[in-house]
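*Asks:*
Protein chains in written order, with the numbering used here: chain A, 135 to 335; chain B, 135 to 335; chain C, 135 to 335; chain D, 135 to 335.
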């Protein structure tokens, strides 16, 4: 039997991405009009692949159905927002929380509390109320927000996970953690300089 | 004194376009999932230029303010939706009317009741409730929906209005009206053939 | 054995599309600067799917290799250019022929000489000399150029080919042929009106 | 007298940007096919504004003409290429130099030899031979290539230049120079880790 739950959920998952992207672009325009600075460098998004959606449902002991995909998997829709400065990250979080059709489900501040390996990022999960054809559908959206530098670090760290038989793995892990901390320091310095230049405080 | 009402209203006007575009793209995905056919060929949009916004407010005897631009000018935001077939036009109208945050202000069916010059198009004005920074802003959006063939005709008819000293103007107007009616006939024939091929009825 | 000829040829095939698209966009800008009119409505493109590329090579009695895919299949890259008016089609053909790195391989004018079913379009195959990494690679590009109305007709006619058990097929074929001829007449009338309005002759 | 040299040169300047962008995208595809890594994060471009083009010509004691704009101003077209890693910068430079229709005019390696203020970037000026309507037009293109981190630094440093009455300017300049050097160190460390992970050497 063909399971087409994946194709059917696509309409809502893709719709959720475009809805949240429109919200983010509106925030950008608003902030540029207010203080002449775009808080976002770029936005990317992905929808969990069919295989990994099935695998996740199965692992959780759930049936592979459209309903479960939409109501039990928090990261079916993943969005990533890259900012130049750390304070931009918090600006975005604040502005997103003001939307009435975004219900906060969960958030984790890995910038204030980095993971042991050095990972820094703000994670937040919303339940979006998405209108379509006269009905309102709840869709989860997982959003990761971080600076360009944190994102660069994280994409390198990510590569390591998918390599086997890496020589000197311990050394690499250690070096990556050091880099993460140096990058965080530079991010703060750059933000301080920006505030001095623009007399922001 | 510099009037910057225009720049300030841009955030909401551009935000309205992106919001409605996201709604339209969701409708497309939904219809493709339902019956494998995209009801929209393409979407375009424009924001009334500063000069023509001021001119309109002045003509109406209104002050040139942000508030008046947003609350008294119906066509500050104009969107155009081009469909392959006539029935797609009505599909879009129906689906848009189902959105809770789109309030119907006015509609005119120039397809069923063409203008004397041959102009055919469905015109509809909505008031969109646009959320931003914890507040809800009403923004008018004027939408014109028509077939590719009607749009082609209309862009030629539009050229005529901006030309001076056209020789044989009466003849051209007459020929354009004839073309409009032939185009309408072909649109209906093509739709009939599509239904026969796909056994839609 | 995994045949990866497809993935390897992608670089050149996709590169060819972007190269020709850049040429077309330059032509548009040039014509707009010259006479204020964009000769192109839109451009689309596709690369032959892996299966249909293999099938074509096999049918021709050729080995499935990268070299054969690039040197024996004329329509591995297909581009479609949609114009508002018939004379735009010929403008594009003329301008493309002036490029030194586009070698004319074959052309067929189905606008002057429509197919019996009513199909109208200008077909032209070029061999593009594509520079990459210090070497010049020949890549075939098949281009179809037609008006919006011809394209609309052709997409409906195309639907018919993929349906089985169509009732009244003969009637449909006949009606489609009639529509094609009416559409062609309207295209000419609209072009005549455009010339009268703009005093082009 | 209306000087429209600017509008006329646009066709070639915009055409040059699209031509070089197509070359860069081809390089990306080629490198991804070769070693599974995209050497470019993103590309941006700008055309010198009319005022600043006139100002530059006048400052050089030249007449404000289309010909002078195209043949005497090296940076009428500016492109910026942002890479993740330092070695990607040199990969791009090497690949661009292999194009027969790009003639090297000038290059400056501010990565190996940073400016005193800490600025790091690879600058290269090419003369592109752009075909249009049967003629070949030479167009200068100035390209700046740098890492994400260098680009972040440079956009902050750029802000300083446009501010007046900055308090503690000397301190800021000093802090920026320190940041630049720390960023450069991190860039090298990250590249080293990448090579270790991927056993590139």
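Glycine included, each C-beta is placed from N, C-alpha and C at the ideal position.
1) Quick one, are the C-beta atoms of residue 160 of chain D and residue 268 of chain C less than 9 Å apart?
2) Can you tell me whether residue 278 of chain C is buried or exposed, with buried defined as 16 or more other CB within 10 angstroms of its CB?
3) Taking only three categories from DSSP, how would you classify residue 230 of chain A?
4) Kindly indicate which three-state DSSP category residue 199 of chain B falls into: helix, strand or coil?
5) In angstroms, rounded to a whole number, what distance separates the CA positions of residue 327 of chain C and residue 164 of chain B?
6) I need the boundaries of the alpha helix (DSSP H) containing residue 308 of chain C, first residue and last residue.
7) Taking C-beta pairs closer than 7 Å, name the residues in chain B that residue 229 of chain A reaches, listed in chain order.
8) Look up residue 212 of chain A in the DSSP assignment and give the residues it is bridged to.
9) Report all residues from its chain with a CB closer than 8 Å to the CB of residue 146 of chain C; omit the five preceding and five following residues, and keep chain order.
10) So, helix, strand or coil for residue 282 of chain D, using DSSP?
11) With DSSP as the reference, label residue 263 of chain D as helix, strand or coil.
12) Could you have a look at residue 269 of chain C and say whether DSSP puts it in helix, strand or coil?
13) Count the C-beta pairs between the stretch 224 to 233 of chain A and the stretch 286 to 305 of chain A that are closer than 8 Å, then say yes if the count reaches three, no if not.
14) Below 7 Å on C-beta distance, what does residue 233 of chain D contact in chain C?
15) Of all the options C:302, C:218, C:283, which has the alpha carbon lying nearest to the alpha carbon of residue 318 of chain B?
16) Assess, as a yes-or-no matter, whether the stretch 169 to 178 of chain A is touched by the stretch 213 to 227 of chain A under the definition of 3 or more beta carbon pairs within less than 8 Å.
17) When the cut-off is 9 Å and only beta carbons count, does residue 161 of chain A lie next to chain B?
18) Residues of chain C with CB under 7 Å from residue 164 of chain D, in chain order?
19) Buried or exposed: residue 192 of chain B, going by 16 or more other Cβ atoms within 10 Å of its Cβ?
20) So which residues on chain B does residue 156 of chain A lean against when the C-beta distance must stay under 7 Å?
21) Quick check: is the beta carbon of residue 149 of chain A nearer than 9 Å to any beta carbon in chain B?
22) Between the stretch 302 to 325 of chain D and chain C, which residues of the former have a C-beta closer than 7 Å to a C-beta of the latter?
23) Using the DSSP secondary-structure output, state which residues sit across from residue 243 of chain B in a beta bridge.
24) Just list the residues that DSSP pairs residue 206 of chain A with in beta bridges.
25) Could you tell me the distance, in whole angstroms, from the CA atom of residue 221 of chain D to the CA atom of residue 215 of chain B?
26) If we ignore side chains and look at the alpha-carbon of each, how far apart do residue 178 of chain A and residue 213 of chain B end up?
27) Give the residues of chain D in contact with residue 290 of chain A, contact being defined as C-beta atoms less than 7 Å apart.
28) Could you tell me the distance, in whole angstroms, from the CA atom of residue 182 of chain C to the CA atom of residue 209 of chain C?
29) Of the choices B:305, B:168, B:155, B:310, whose alpha-carbon is the least far from that of residue 288 of chain B?
30) In chain order, what residues of the same chain lie with their CB nearer than 8 Å to the CB of residue 244 of chain C, ignoring the 5 residues before and after it?
31) Please go through the same chain and pick out, in chain order, the residues whose beta-carbon is closer than 8 Å to the beta-carbon of residue 151 of chain D, but skip the five residues on each side of it.
32) Less than 9 Å between CB atoms is the rule here; does residue 167 of chain B satisfy it with respect to chain A?
33) Return the residues of the stretch 274 to 300 of chain B that lie within a Cβ-Cβ distance of less than 7 Å from chain C, sorted by chain order.
34) To the nearest angstrom, how far is it from the Cα of residue 313 of chain D to the Cα of residue 237 of chain C?
35) Give me the Cβ distance between residue 281 of chain D and residue 218 of chain D, rounded to the nearest whole Å; I'm assuming they're in contact under 8 Å.
36) Could you tell me the alpha carbon to alpha carbon distance between residue 206 of chain C and residue 158 of chain D, rounded to whole angstroms?
*Replies:* Result, derived from the coordinates:
1) no
2) buried
3) helix
4) coil
5) 40 Å
6) 303 to 331
7) 267
8) A:180, A:276
9) 204, 264, 266, 271, 273
10) helix
11) strand
12) strand
13) no
14) 265
15) C:283
16) yes
17) yes
18) 145, 266, 267
19) exposed
20) 152, 153, 156
21) yes
22) none
23) B:256
24) Note: residue 206 of chain A sits in no beta bridge, so no partner.
25) 47 Å
26) 26 Å
27) 324, 327, 328
28) 7 Å
29) B:310
30) 253, 254, 255, 256, 257
31) 179, 181, 211, 213, 275
32) yes
33) 282, 283, 286, 290, 293, 294, 297, 300
34) 53 Å
35) 7 Å
36) 27 Å
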